[in-house]
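Here's the structure, in structure tokens; my notes come after.
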Amino acid sequence: MALLELKNITKTYTGEVSVEVLKQIDLKVPAGEFISIMGPSGSGKTTMLNLVATLDQPTSGSVIINGAQPLTLSKQQLAEFRRRQLGFVFQNYNLLSPLNVAENVMLPLTLDRVPILEMTQRCEALLTELGINDKREKRIYQLSGGEQQRVAIARALIHQPELLLADEPTGNLDSKAARDVMEILSQMNKQRHVTTMMVTHDPYSASFSDRVVFIKDGKLYNEVYCGSDQQQFYQKILDVLAHLGGRRHEFQTVDHS
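The UniProt record's numbering puts the first residue of the sequence shown at 1, with every later residue one more than the last.
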């Protein structure tokens with residue numbers, strides 16, 4: 001069963017010149033899948049993620065998440081849907097510096113008025129799972145970039161969302177921290193069965209997913225599936241990117257060995 005479905009999605013930005021960013025996109029993401037979206041800058045991948053995140057409206061077509069069409073809801077209902085059904089991980093972490101690690105992680109539960117004891121227990125269990133429970137009283141500025149992204153992942157998962165959306169989650173990290181973060185996202189996807197959609201320029205990060213969908217000029221261009229060998233999957237991704245085009249610097253080729 002598809003947890004996420006995009007049906008005939010188009011998105012056009014109007015102005016002096018109209019720009020059609022997405023063109024008749026059809027995509028199904030089964031429950032529990034980890035899918036990555038790749039494409040050159042301006043291909044439409046971030047626009048697609050914003051539509052799935054319910055942060056923008058398509059010009060035409062439907063976004064269906066867990067059987068519901070959230071973009072038909074009222075503003076209040078949509079905010080509640082987003083808060084309870086979706087988790088977000090950003091390139092810049094988007095953590096609140098006045099709060100410590102635990103307070104940042106528990107913030108979504110605070111908004112839903114979850115009892116303090118339950119919040120504390122869930123936070124401690126998740127931070128332990130992510131290997132940073134010893135940092136729970138630390139301020140954000142005392143953490144490395146990789147540790148901050150782990151906190152952001154914990155915050156995104158604390159309310160047990162149906163769908164986790166990650167926008168360039170390794171974009172600000174060195175190769176080791178990026179690998180650690182991708183291993184965590186893969187582990188959370190498998191152990192918690194949280195459907196995950198990630199936009200990335202990094203083929204190595206994409207190789208941790210189950211499937212990579214490539215977008216070019218607003219259309220679905222190609223897709224590749226992971227088999228049993230991550231290295232072979234990584235090579236398949238590189239092969240598609242070589243045919244996809246785009247400037248070389250648009251795709252990260254950092255040595256992750």
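Here a beta-carbon is modelled for each residue, glycine too, at the ideal position from N, C-alpha and C. Note that the structure is predicted; figures quoted are calculated from it, not measured.
Do you know how far the Cα of residue j is from the Cα of residue i?
i, j, result
"D26", "E129", "36 angstroms"
"T253", "V199", "Residue placement at T253 is poorly supported in this model, since its pLDDT is 48, which falls under 50; the coordinates still yield a value, given next. The straight-line gap from Cα to Cα measures roughly 16 angstroms."
"T196", "S74", "25 angstroms"
"E118", "R83", "18 angstroms"
"T110", "I158", "11 angstroms"
"A154", "L127", "7 angstroms"
"P70", "E5", "12 angstroms"
"V21", "S60", "12 angstroms"
"T150", "T54", "According to the sequence provided, residue 150 is Arg. The question's Thr does not apply to it. Taking the straight line from one Cα to the other gives about 24 angstroms."
"T46", "E168", "10 angstroms"
"K190", "V17", "44 angstroms"
"A152", "Y221", "31 angstroms"
"V19", "T12", "5 angstroms"
"A79", "P98", "24 angstroms"
"H249", "D202", "Caution applies to H249, whose pLDDT of 44 falls short of 50 and renders its modelled position unreliable; the model cannot decide the point."
"I116", "Q76", "25 angstroms"
"S175", "D56", "32 angstroms"
"V29", "A156", "19 angstroms"
"K135", "S144", "11 angstroms"
"Q231", "F81", "38 angstroms"
When the distance is taken between beta carbons, is residue j closer than 7 angstroms to residue i?
i, j, result
"G131", "A177", "no"
"V212", "S43", "no"
"E162", "N50", "no"
"F214", "L244", "yes"
"V89", "A166", "yes"
"N100", "E137", "yes"
"K216", "G39", "yes"
"F34", "D210", "yes"
"Q91", "N172", "yes"
"Q148", "Y93", "yes"
"I140", "L107", "no"
"M188", "S205", "no"
"G87", "L164", "yes"
"K23", "T14", "no"
Determine the DSSP secondary structure at residue i, reduced to helix, strand or coil.
i, result
"G146", "helix"
"M1", "coil"
"S43", "coil"
"R139", "strand"
"N8", "strand"
"D26", "strand"
"S36", "strand"
"S60", "strand"
"I237", "helix"
"A31", "coil"
"I116", "helix"
"N133", "helix"
"H193", "coil"
Using DSSP bridges, identify the partner residues of residue i.
i, result
"D167", "F90 and V199"
"Y13", "V19"
"V151", "Answer is none; V151 lacks a bridge partner."
"E80", "Looking at the DSSP assignment, E80 forms no beta bridge with any residue, so it has no partner."
"Y225", "R211"
"residue 274", "No answer is possible for residue 274: it lies beyond the span of the chain, which begins at 1 and ends at 257."
"L49", "Answer is none; L49 lacks a bridge partner."
"M188", "None, per the DSSP bridge assignment."
"L220", "I215"
"I65", "L4 and A68"
Check your understanding: Touching or not, the region 185-195 and the region 220-229, by the rule of three or more beta carbon pairs under 8 angstroms?
Key -> Verdict: no, contact absent.
Review point. Three or more beta-carbon pairs under 8 angstroms between the region 230-244 and the region 54-69, yes or no?
Key: Here the region 230-244 does not lie against the region 54-69, with fewer than 3 beta-carbon pairs under 8 angstroms apart.
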